[in-house]
Amino acid sequence: MARLPNLQLLNLPRAPEGGEMAGEQRGVEARGIDALTPYALFLLEALRRSEAPLEVDWLLSRLRSFFPPEDQTYVGEGELNPLGEIVSLGLAELLVEGEEEGEEDDDDEEHRLYLLWRTEALEEAADEIAARWASLRPAVRAGLVCAMLAIFGIDSEAPLAEALRALDRRDFLPEEAGPWADVDMPFPICEGMTESALHAVLMTIQAVEPKPGEHVLVCGAKGGYLAALCAHLVGAKGRVVCLDWQEPVRAHVERAFSRYPRLAERVEVRLQGDVTLGAPEDAPFQIVIFNGSIPKIPYPILQQVDDDAGRLLFFLHSGHSSTCYLVRKNREIVEEEKLSEFCFTGIPGAYGFDCMVDLQRQYAESQRNSRRDRPSALRKIKTQVPYPLAKAYMAAFNTSEVMERHTRVLKAYEALIKYLAFPCLSALERERRTDPRLAEYVQAIGYKPSLGHWLGILRDGTRLLGDTEVGAVVAEDHRRRFAQSSVVNAYRMLELQTTGAQKENLRRGVPLGNFLQKLVAYRNKSGEGHGAVASSSTLQKNARLLLEALQVFLLGLRLCSEYVLVHLDGKLEMKSQGRLLSFNVRTFRGCEPERETWERDVTSSEQLPRPGVYLSRDRCESLPLSPWLVFGEGNNGTDLYLYNGRPSKGGDVVYITYHNTDSYPPKWERDRIDEFLSLHPVVQPAEVDPREFAFRTLLEAFLSDGKLSKEEMAVLEQKLPALGLVKGPEEVPDYVRGVVEEINPGVYIET
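Pasting the structure below:
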């Protein structure tokens, strides 16, 4: 049976075969339909429109038929997925705790769920359910529109916002869509054709930016909603030509536009066997949209795109998804921009698929390949990625509870930041280098560190150590741009969550350093990773995006692939004329440490390696890390870091896991840390400006939780002009941001 978290049995058990349910069992009747929220009414309305009998398995399978499987990725940018929220909240009202009498839990499932059968009570309540849903529906639709505007950063007064409010998506879907019209999900129109999810339509519209008076060509009508939004945006002086190869689809779109006669005047819906050839007789168009997947780039249609400011958008099929491309044309210059990935219905034709049978065959083959390839990435993480990172990733990957998974994903990123920063610290020790700016971060992590301090060590350490072997590798990783869609989509989510807008052009990808800084700001905003400010569906979505991006980082960073984390124990044995040294190591690669025996030539006892934890390259103890693997950060996950503890009496070396020690390292480690910290004293200026000192003291107190709230910024706007550090309140935000970036990067500044 299907399961949902934290929910048990319906207060309406399944109706007995051939019998009726007792009156007290009729929860719909007893509960009162007027008392139910839109979530529960949504489910009841879906049931009312469906065939009996119904169970949770059936409902979830129907819901999932409109959503990608877990191992696929549709568009990630701004995607709203309210499925879990609707089901959880809706069923929570219709369920009560308890277990079904007389039935054993043979398959060890904690809960069994049964959805309403089409009982007499539901039949009797059908009209009341329909009326109640009709009364709630405007508020539900308005809520979806507001959510989409927020996700895509669209101003509520913008023309696109007006178009969304003016055009009801339900008018462009079949009657049986019912409540599904107000959910961000695709819906079938006729056999083999669907109307796209609202987020996909909005992403397309935002990419091509229709303007008043422009001419638009849409190749593939679908439900007609995309063409309708374009028609609204181009205005009375504009025109939209909508092509489709199926008569039922064309007829459906024409019926939809009959509800909007003024729009219909500027839209022509045309039946055409090969829509990939466009409409040369109506060219030029300022905008051409291929509203479906094609396997070949339609070069000839560029001739139909306006020379001055034309835009061509198409979805190029490859593997198990379709990549969205936007081509801008300006006279002789053609610029191409890769936007994101979708899963779209294919378009047949000269530049489309030869037939839908071929598309289905290619899709099935890509699904098989995807399932074959996906485990290989997971296997690499479990067997090749450094032990702390592999364990942290798998801890997040294997967690199903939404809040816990979100927290563990952020913990895994903490591990990544520290794993990149540890080599910088150790290289500083070996190179005997110091830096006044870096010294403040170093001193902070020895006593009361924040993740922003580790981020500062990574940033300034790579600047200071770029000429060293390991430092150069970390610096390259820190600067490297990742253009994979999973990283770009996760970064856009972080931008929206921390700044409320998407400001950066990501055509060349996202530098790792920029990503980690936004990640730390997001972590600080969400309450140390507990996500208290977001709904469960948002946390689930964000955790998925961040975990997919983390997989790319772990498999793509040079420090993770070229260096191995090893522990060298104290068993050293000399062989053959005292030159060949054999020693045992434990390699921390993947989730299971392995023992190996290494050999190396030595000429004197001075070259004997010391026991400890190292970053190793080519079986050589390149960089000692033992002090930094237990730097007093408290619990950071289960079995993440191992270090060399004191040997027990007459026994072997003790391996102590990071999570079962107290929050501070043992004395022998603490001594090494103090020795290192003594090399990096914080140099105070000879004369301290008392005004600057007062400001920084207050600011550091505000930043102790990793956030700077609006209220705290308001206090600074009063204090700074009074101290004479700025001329007026309008200069305060920029001044504060500059100081925050210097002393604690990654702090979330509330706006």
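Be aware that the sequence shown starts at 363, since it is given in the working numbering, and climbs by one per residue. Even for Gly, the Cβ is constructed at its ideal location relative to N, Cα and C. Computed from a prediction, not measured in an experiment: that's the story for all the values here.
Beta-bridge partners of M555 (DSSP): C552. The beta carbons of P572 and V611 sit no closer together than 8 Å. In the DSSP assignment, I567 falls within the unbroken alpha helix (DSSP H) covering 560-570.
Proximity of the segment 616-634 to the segment 646-659 falls short of the contact definition, fewer than three beta-carbon pairs being nearer than 8 Å.
The C-beta distance from R843 to R870 rounds to 6 Å, short enough to meet the 8 Å contact threshold.
As for any alpha helix (DSSP H) of minimum length 4 sitting wholly inside the segment 872-917, the runs are 874-887, ordered along the chain. The Cβ atoms of L813 and E776 lie closer than 8 Å to each other.
DSSP lists Y1110 as the bridge partner or partners of K1069. When the Cα atoms are used, A757 and R770 turn out to be separated by approximately 7 Å.
Counting only runs of 4+ residues, the alpha helix (DSSP H) found wholly inside the segment 593-651 occupies 609-619, 623-626, in chain order. With a cutoff of 8 Å on beta-carbon distance, L927 and F950 are scored as near each other.
Listed as beta-bridge partners of G708 by DSSP are S655. For F676, the uninterrupted beta strand (DSSP E) run begins and ends at 672-680, by DSSP. Judged by pairs of C-beta atoms under 8 Å, the segment 824-838 does not touch the segment 849-859, as fewer than three such pairs exist. Burial state of L740 is exposed, judged by a 10 Å Cβ sphere holding fewer than 16 other Cβ atoms. Between K691 and G708 the beta-carbon gap is near 25 Å, outside 8 Å, which marks them as no contact. A distance of 8 Å or more separates the beta carbons of V615 and P646.
Under the 8 Å Cβ criterion, the segment 563-578 does not count as touching the segment 537-545, having fewer than three qualifying pairs. Going by DSSP, C922 is part of the alpha helix (DSSP H) stretching over 920-924. Partner residues in the beta bridge of C686, as assigned by DSSP, are F677. About 17 Å separates the Cβ atoms of Q634 and H577, ruling out a contact at the 8 Å cut-off.
Residue range 577-581 is occupied by the beta strand (DSSP E) that includes V580, with no alpha helix (DSSP H) assigned at that position.
Shown here, K573 sits in coil according to DSSP, grouped into three states, outside any helix or strand.
Under the three-state reduction of DSSP, N946 is assigned to strand. Ranked by Cα distance from P642, the first of R948, L1060, L579 is L579. Per the coordinates, the alpha-carbon of D517 lies some 16 Å from the alpha-carbon of L591. Rounded to whole angstroms, the separation of the alpha carbons of V637 and R532 is 26 Å. Under the three-state reduction of DSSP output, F514 falls in the coil class, being neither helix nor strand. If you look at M756, you'll find it in the alpha helix (DSSP H) that goes 749-759.
Rounded to whole angstroms, K1089 and P1083 show a C-alpha spacing of 6 Å. In the structure shown, T830 adopts coil according to DSSP, grouped into three states.
In the structure shown, K1089 falls within a coil segment according to DSSP collapsed to helix, strand and coil. By the criterion of a C-beta distance shorter than 6 Å, L919 is surrounded in its chain by D839, once the five residues flanking it on both sides are discounted.
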